[in-house]
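Read the structure below first, then the notes.
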Amino acid sequence: MSVVTNTTTIGAIEAPSRRNTELAMLAFAVVIPIFAYLNVGLAVNDKVPSGMIGYGLGIGLLAGVGHLVVRKFAPYADPLLLPLATLLNGLGLVLIWRLDQSPRLIARAELAYGSFSPDAPKQLLYSAIGIALFVAVLLLLKDHRILQRYTYISMAVALVLLILPVFFPARNGAKIWISLGPFNLQPGEFAKIIIAIFFSGYLMVKRDALALASRRVMGLYLPRGRDLGPILMVWAMSILILVFETDLGTSLLFFGLFVIMLYVATERTSWIVFGLVMSAAGAVGVATFEPHVQQRVEFWLNPFAESTWEQSDQIGQALMSFGAGGTLGTGLGQGNSDLIGFAANSDFILSTVGEEFGLAGMMAFLLIYGLIVERGVRTALAARDPFGKLLAIGLSGAFAIQVFVVAGGVMGLIPLTGMTMPFVAAGGSSVIANWALIGILIRISDTARRPAPAPAPSTDAEMTQVVRP
Amino acid sequence: MNKPLRRIAIFCGLLVLALLVRTNWLQYVEADELNTHEKNRRVLIERYAKERGNIVVDGKPITGSAKTDDTDFKYKRTYRDGPMWAPVTGYASQAFGATQIENLEDGILTGNDDQLFFDRTMAMFTGDEAKGGNVVTTLNGAAQKAAFEGLGEKKGAVVALEPGTGKILALASTPSYDPSSFAGYGAKDEKSWNSLGKDADKPMLNRALRETYPPGSTFKVVTAAAALENGVVDDIDAKTDSPLPWIMPGTTTPLENEGNIPCKDATLKEALRVSCNTVFGKLGFNVGKDKMLETAKKFGFNEEQFVPVRANASIFPEELNDSQTALSSIGQFDTRTTPLQMAMVVSAIANDGKLMKPYMIDQLEAPNLDVIKKTEPEEMGQPVSQEHAQMLQEMMETVVNEGTGSNAKIPDVTVGGKTGTAQHGENNSKNPYAWFISYAKGDNGAPVAVAVVVEDSDAVRDDISGGGLAAPIAKDVMKAVIDSKK
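Protein chains in written order, with UniProt numbering: chain A, 1 to 469; chain B, 1 to 486.
Structure below.
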């Protein structure tokens, strides 16, 4: 890896830590949601919301703690990741609070459960736990390579997390939840990170075997039969998730994640081809006998059909919500995205973005997600060790796929799946897990950008340079 | 490892790009379609979010807007004299949508039309509560009242036009319904909606525009026009070659007259005065089906009319044999017309042959009463020449002065008209429709042309019923228009 030597050479020159850049960006990331919060209050109740100070202090404090910990424990980390995540988290809180004010949703909850409980305070708590986990990752994980030691434990944990929901009752058609008393967890969100750790450790060890032992057929390097084992296993795993948990999103996420990491590890395009063929075969195969998946496809193709409307008007309502937003949106608090009803503030929160921030806001949101992915990929490029590279690309790839699957589902680009928009949607698992994800990326980027220790003074050094051509 | 990483970066970029393209597609390209989607509740929410503009007659609103305490709909539509005006306004219901003017001019009434962009922007700055604009109609309140009250308990319809402009002055249909009775979306509204829908008398059918009737003898005016225009008859006072009885060509059946009336070789004027089936049947046959169709089409037959509310197309059949041509020419067989169509026929004749496009929206007003759009009278064509139109007027005036239409006489006013009794049902078993079409003429041209149809009347089957039942209604409507001009 010639790149590594390059980075080392550049690293030897004192790299700027960019911590002040981060602080400045973070200030924006805190101020923008506070203004948004004020905006909602004025639009809905014609007055400055009473929770304004608490909210501002809360999000400011969380961001401040995050920043201080990064400054102290990961001084060379990427300066954009923390502000971007904070901005999304802050705006997400505003959107959830805005939907808490909706008379329609309140009436709906009272009709269905007898009472309405606002989601914004809970979400603020989850955000705090998320930041705490973020801080914990930075404090405890001094070097991401430590994770390599836990390759096979990760596999076991990930498997357990993925299988657990099968034993819990389905919620709204998908078995992606486990209920522990008052708490409902989506273990898939955590499994996403843990399985990326497992894949990184595993592929780092096996990548040479997977890459080199192959035959060339019609311009493609076909792997040996026995090397197909792991990909077949992950594939089978994804299909099982799809069949038993009826969750298209998680299934797609894991398989896509594996194919990406396999491709990066082996540099063999044939894996991509294999992956695409297998996922297409799997999806079509399952769709032929799994009514839940068929139904999702049907809803996607005909969102406004009378038969769809009777069962679920969500996608149609979401599409109309986007349409209602138009170019500039209705303005916060002035849209009717609450017509979606169920899951308006979780799976479908993006339609509130679409309606109230408009096309402009949607583009901004999508670009913020794109930027987070881009910073993740850049971290992978800059990382000096294969494990770090694989882990960074795995996490950012998973993040990208998740954003695509959720946003694409809500916007009617692909069939809808039961996943949530990272950081924005209401729901603890998502926020907490994604803060951990950002924590790990920050740790890898810190290691990558950290200047290498000055080379030991050597009498040979100068001579070596002289003879270099 | 960096080459695949870069490719994955491009892949992730493509994912985000796909989302960006999709959001542009939804929120820019498809936005209009989604915003007007029939399932989009926002349309309703918007419709009732602001004080809805009014539909105006004679400078006074015939609609209103009442505040509600509903979460979705802030206002509810109200109607003044709902049943009388329903054929004009249509309805705007929170549960059952909107029709007619309420639907067609929804953008103006809600204030969301692009033409009101400036007013909305101003309202935003001045802090005024935004409200909808008004739709000013061409209708004449007195004429409408005369028409509605004249029809009373009977089933039927009245259309009155201003011949010189095409303005609709009255548009009544009975039995009617009160659009306020289902303007909301509660259980009460649903109940009255359902009972209206189930009513065998079809109160929600706009008979003036959407029902077609066999025109009976009133259609003889069109046949007379066709005969004059095509040179089959040149002099309305000259004897026609009309045998009695007349056996329809291609059959052995004689065409019957209603009663023993002097139709043998009658002049055109006389034939119209006493309403001779034999004379007009033979005339229609002589003109020929193609020329008959051509004249009917010039009057507006076989085509939907938009006033701007859609009116059904009236029918003069395109494929006819000789005896069918004769029958169609006296308004039987498959000839069918809306009351609006017959009003257009008589209006064209009263306007010296010039047919004006009928319309009922005079102007659209912004919330601040600025006129944003005014409908200008538009000529649809000249179905008959001025000379022939005046001959037809002379004939129709004879009908009123000395013939079947004497019930429509108004002192000091020249009135021309034609009665009609249309048989229908198998073997003419059902009660006939009574028709009367007429115009009133003053020194400055004709201010009003009317078509009246009364359904299912218990009338005897002769021309008197058209004259007896429908003519007094026409007379009252004409009188109301003339009086309101004084």
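Every residue, glycine too, gets a C-beta built ideally from N, C-alpha and C.
Cutoff 8 Å; reference L161 of chain A; Cβ partners in own chain excluding five residues on either side = Position 161 of the first sequence holds residue 161 of chain A. So the list reads P187, G188, F190, A191, I194, once near-sequence residues are dropped.
So is M1 of chain B in contact with chain A if we call contact Cβ pairs under 8 Å?
-> Along the second sequence, one-based indexing puts residue 1 of chain B at 1. Judged by the 8 Å Cβ criterion, M1 of chain B is in contact with chain A.
C-alpha distance - S321 of chain A paired with T352 of chain A, whole-angstrom precision | By 1-based counting over the first sequence, the position of residue 321 of chain A is 321. By 1-based counting over the first sequence, the position of residue 352 of chain A is 352. Taking the straight line joining both Cα atoms gives about 7 Å.
At a CB-CB cut-off below 8 Å, which residues of chain A make contact with T71 of chain B?
-> Counting from one through the second sequence, the residue named residue 71 of chain B turns up at place 71. For T71 of chain B, the chain A residues whose Cβ falls inside 8 Å of its Cβ are P103, R104, A107, in order along the chain.
On the three-state DSSP scale, how would you describe K479 of chain B?
-> Here residue 479 of chain B corresponds to residue number 479 of the second sequence, with the count starting at 1. Correct three-state label for K479 of chain B: helix.
Minimum length 4: unbroken alpha helix (DSSP H) runs contained in the region 42-126 of chain A | 52-73, 81-100, 103-113
Where I464 of chain B and K475 of chain B are concerned, what is the direct C-alpha to C-alpha distance, given to the nearest angstrom?
-> Looking up residue 464 of chain B in the second sequence gives position 464. Looking up residue 475 of chain B in the second sequence gives position 475. Summary for I464 of chain B: the model assigns pLDDT 46, below 50, so the residue's position carries little reliability; its value from the coordinates is reported in the next sentence. Distance between the alpha carbons of I464 of chain B and K475 of chain B: 15 Å.
From the beta carbon of A296 of chain B, is the nearest beta carbon of chain A less than 8 Å away?
-> Sequence index remark: in the second sequence, residue 296 of chain B carries index 296 (1-based). Closer than 8 Å: no.
Where does Q115 of chain B land, buried or exposed, given buried means 16+ other C-beta within 10 angstroms?
-> Residue 115 of chain B sits at position 115 when you count from the first residue of the second sequence. The residue in question, Q115 of chain B, is exposed, as its Cβ has fewer than 16 Cβ neighbours within 10 Å.
Could you check where the alpha helix (DSSP H) with D32 of chain B kicks off and where it finishes?
-> As a first step, residue 32 of chain B is located in the second sequence; it is residue number 32 there, counting from the start. Unbroken alpha helix (DSSP H) run through D32 of chain B: 31-35.
Quick one: which chain A residues come within Cβ less than 8 Å of Y28 of chain B?
-> Locating residue 28 of chain B in the second sequence gives position 28, counting from the first residue. Under the 8 Å cutoff, chain A gives G326, T327, L359.
At 4 residues or longer, and completely inside the region 262-342 of chain B: list those alpha helix (DSSP H) runs for me, N to C.
-> You should have 268-274, 277-287, 289-299, 322-329.
Return the CA-CA distance between D119 of chain A and D201 of chain B, expressed in angstroms with no decimal places.
-> For the purposes of this step, residue 119 of chain A is taken as the residue at position 119 of the first sequence. For the purposes of this step, residue 201 of chain B is taken as the residue at position 201 of the second sequence. Using only the alpha carbons, I get a separation of about 54 Å.
Is any beta-carbon of chain A found at less than 8 Å from that of H388 of chain B?
-> Translated into positions along the second sequence, residue 388 of chain B becomes position 388. Judged by the 8 Å Cβ criterion, H388 of chain B is not in contact with chain A.
Does R77 of chain B get closer than 8 Å to chain A when you measure Cβ to Cβ?
-> Along the second sequence, read from residue 1 onward, the residue named residue 77 of chain B stands at position 77. By this cut-off, R77 of chain B is not an interface position.
Cβ of A446 of chain B less than 8 Å from any chain A Cβ?
-> Taking the second sequence and counting its residues from 1, the one referred to as residue 446 of chain B is at position 446. So, not an interface residue.
Is the CB of G249 of chain A under 8 Å away from at least one CB in chain B?
-> One-based indexing of the first sequence puts residue 249 of chain A at position 249. No, G249 of chain A does not count as interfacial toward chain B.
Terminal residues of the alpha helix (DSSP H) in which R210 of chain B lies = The sequence position of residue 210 of chain B within the second sequence is 210, counting from 1. Its alpha helix (DSSP H) spans residues 207-210.
What residue does the beta strand (DSSP E) around I393 of chain A start on, and which one ends it?
-> What you label residue 393 of chain A is simply residue 393 of the first sequence in a count that begins at 1. Segment 386-410 is the alpha helix (DSSP H) holding I393 of chain A; no beta strand (DSSP E) there.
Identify each residue in the region 19-46 of chain B for which the Cβ-Cβ distance to at least one residue of chain A is less than 7 Å, and report them in chain order.
-> L19, L20, R22, T23, N24, L26, Q27, Y28, E30, A31, L34, N35, H37, K39, N40, R41, R42, I45
P4 of chain B, enclosing alpha helix (DSSP H) - first and last residue = Translated into positions along the second sequence, residue 4 of chain B becomes position 4. Unbroken alpha helix (DSSP H) run through P4 of chain B: 2-24.
Considering only residues of the same chain and omitting the five flanking positions on each side of P79 of chain A, which have a CB-CB separation below 6 Å?
-> For the purposes of this step, residue 79 of chain A is taken as the residue at position 79 of the first sequence. Result list for P79 of chain A: R18, T21, E22, in chain order.
Determine the extent of the beta strand (DSSP E) in which G417 of chain B is found, giving its start and end residues.
-> Within the second sequence, residue 417 of chain B is the residue found at index 417, counting from 1. Unbroken beta strand (DSSP E) run through G417 of chain B: 414-422.
Is the number of C-beta pairs between the region 116-124 of chain B and the region 209-221 of chain B that are closer than 8 Å three or more?
-> With the rule of 3 Cβ pairs closer than 8 Å, the region 116-124 of chain B does not count as touching the region 209-221 of chain B.
Span separating the alpha-carbon of R119 of chain B from that of V135 of chain B | Numbered from 1 along the second sequence, position 119 holds the residue referred to as residue 119 of chain B. Numbered from 1 along the second sequence, position 135 holds the residue referred to as residue 135 of chain B. A small correction: the amino acid at residue 119 of chain B is Asp; Arg does not occupy that position in the sequence shown. In a straight line, the C-alpha of D119 of chain B is about 16 Å away from that of V135 of chain B.
Within 9 Å of chain B by C-beta, residues of the region 295-328 of chain A in sequence order | F304, W309, D313, G316, Q317, L319, M320, S321, F322, G323, A324, G325, G326, T327
Ends of the beta strand (DSSP E) at A142 of chain A?
-> Stepping through the first sequence from its first residue, residue 142 of chain A is reached at position 142. Just to set this straight, residue 142 of chain A is Lys in the shown sequence, not Ala. For K142 of chain A, there is no enclosing beta strand (DSSP E), as DSSP gives it neither H nor E.
Since V286 of chain A contacts V293 of chain A with CB under 8 Å, what's their CB separation in whole angstroms?
-> Along the first sequence, read from residue 1 onward, the residue named residue 286 of chain A stands at position 286. Along the first sequence, read from residue 1 onward, the residue named residue 293 of chain A stands at position 293. At roughly 6 Å, the Cβ-Cβ gap stays under 8 Å, so V286 of chain A and V293 of chain A are in contact.
Y152 of chain A: buried (16+ other C-beta within 10 angstroms of its C-beta) or exposed?
-> To locate residue 152 of chain A, count along the first sequence from 1; it is residue 152. Exposed, by the Cβ-count rule.
Under 6 Å Cβ to Cβ from A170 of chain B, same chain only, skipping five residues before and after it: list those, please.
-> Counted from its first residue, the second sequence places residue 170 of chain B at position 170. If we look at A170 of chain B and ignore the five residues flanking it on each side, its Cβ neighbours are A143, Q144, A147, V158, A160, V477.
Note down the Cα distance separating Q402 of chain A from L413 of chain A, rounded to an integer number of angstroms.
-> Residue 402 of chain A sits at position 402 when you count from the first residue of the first sequence. Residue 413 of chain A sits at position 413 when you count from the first residue of the first sequence. Using only the alpha carbons, I get a separation of about 14 Å.
Go ahead and pull the three-state DSSP assignment for K145 of chain B.
-> As a working note, residue 145 of chain B is residue 145 in the second sequence. Three-state result, K145 of chain B: helix.
So with Cβ pairs under 8 Å, would you call K389 of chain A a contact of chain B?
-> As a working mapping, residue 389 of chain A is identified with position 389 in the first sequence. Interface residue, yes.
Range covered by the alpha helix (DSSP H) that runs through V284 of chain A = In the first sequence, residue 284 of chain A corresponds to position 284, counting from 1. Counting along the chain, V284 of chain A sits inside the alpha helix (DSSP H) bounded by residues 269-289.
Run the CB neighbour count on M248 of chain B, radius 10 Å, all protein chains shown included, and call it buried at 16 or more, exposed below.
-> To locate residue 248 of chain B, count along the second sequence from 1; it is residue 248. Buried, since its Cβ has 16 or more Cβ neighbours within 10 Å.
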